[in-house]
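To start, the structure itself, in structure tokens.
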Amino acid sequence: IFKDDFPSSPPKCKFEPPLFHPNVYPSGTVCLSLLDEEKDWRPAITIKQILLGIQDLLNEPNVKDPAQAEAYTI
Numbered sequence: 001i002f003k004d005d006f007p008s009s010p011p012k013c014k015f016e017p018p019l020f021h022p023n024v025y026p027s028g029t030v031c032l033s034l035l036d037e038e039k040d041w042r043p044a045i046t047i048k049q050i051l052l053g054i055q056d057l058l059n060e061p062n063v064k065d066p067a068q069a070e071a072y073t074i
């Protein structure tokens, strides 16, 4: 979901229906530092980079920052 102030603020990336994955919250929201204004977000990040970041996260979960404890422990 892109807000009016994109690219100043990152989009909200969400799976509908929610995906059972260590880095996806039960609400479906993706937990990725690239999408966090307080961490790694920069206005120069492209949509392609966002999608590649999500793809990488799905292939190789970030075990240091789990969003779902149950998915992490399985």
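If you're matching positions, the sequence shown starts at 1 in the UniProt record's numbering and goes up one per residue. Ideal placement from N, C-alpha and C gives every residue a C-beta, glycine not left out.
- Separation of residue 11 and residue 24 (C-alpha to C-alpha, rounded to the nearest whole angstrom) is 15 Å.
- DSSP, read as helix, strand or coil, puts residue 46 in coil.
- Restricting attention to 5, 67, 54, 6, the CA atom closest to the CA of residue 27 is found in 67.
- Residue range 69-73 is occupied by the alpha helix (DSSP H) that includes residue 70.
- CA-to-CA, the gap between residue 19 and residue 38 works out to about 24 Å.
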